[in-house]
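Student: Below is one structure. I have some questions about it.
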Amino acid sequence: MFYTFLAITLVFIGTIFLKVKFKKSFCSVCAAIGLTWLFLLLLYKDDRFDDVVLLALLIGQSVTGVLYFAYRHLPKILRVFILPSLLSLTAIGYWLITSQVQLSVFILLAVLWLTAWVIFIYRNDPGKKTVSKILSNCCEDF
369 MFYTFLAITL VFIGTIFLKV KFKKSFCSVC AAIGLTWLFL LLLYKDDRFD DVVLLALLIG
429 QSVTGVLYFA YRHLPKILRV FILPSLLSLT AIGYWLITSQ VQLSVFILLA VLWLTAWVIF
489 IYRNDPGKKT VSKILSNCCE DF
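Our numbering numbers the first residue of the sequence shown as 369 and each following residue consecutively.
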């Protein structure tokens, strides 16, 4: 774990310098975490890294970061897709580590996406407007 944290720290510092040098805008923490877990995933698949818990935690941090980014930058009405997005990204992270696809999870995700699309399509319908508004504000009141 020490070497992983050290790598994250060094990549973070490196990306800070790259941002300044090339005048680019991106999250250095996100880049450091993402690049580190991508490297560790390659090592894991090659049987040269075995801390699957740490790998899963880092992937989970990226999933959370993507969701926070989307939450801040997408129009509020698209937030009805937040739960299916979160669970889909989590399932992708799980698949990256295990190479397993669970049919029941895939079906649940399909139902969630379909439900979110129906709510989105009918968001201005008087009967569905309340549901759409509640889902769009799911993370506002904490």
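Just so it is clear, CB atoms sit at the ideal spot from N, CA and C, and this is done for glycine as well. Quantities reported herein were computed from a predicted structural model and do not represent experimental measurements.
1. With a threshold of 7 Å on Cβ separation, who are the neighbours of A459 within its own chain once the five nearest residues in sequence on each side are excluded?
2. Three or more C-beta pairs under 8 Å: does that hold for the stretch 369-381 against the stretch 393-413?
3. To the nearest angstrom, report how far apart F385 and Q429 are at their CA atoms.
4. Starting from Q429 and walking both ways along the alpha helix (DSSP H), at which residues does that stretch end?
5. Run through DSSP, which three-state label would R447 get?
6. Beta-carbon separation of F449 and A484 under 7 Å?
7. If we call anything under 7 Å between Cβ atoms a contact, is T383 one with S393?
8. Exposed or buried, which one is L471 when buried takes at least 16 other CB atoms within 10 Å?
9. Contact between the stretch 489-505 and the stretch 441-455: three or more CB pairs below 8 Å?
Tutor: Reading it off the structure:
1. Only V473, L477 meet the Cβ criterion.
2. yes
3. 23 Å
4. 420-441
5. helix
6. Taking 7 Å as the Cβ cut-off, F449 and A484 qualify as a contacting pair.
7. By the CB criterion at 7 Å, T383 and S393 fall outside the cutoff.
8. exposed
9. yes
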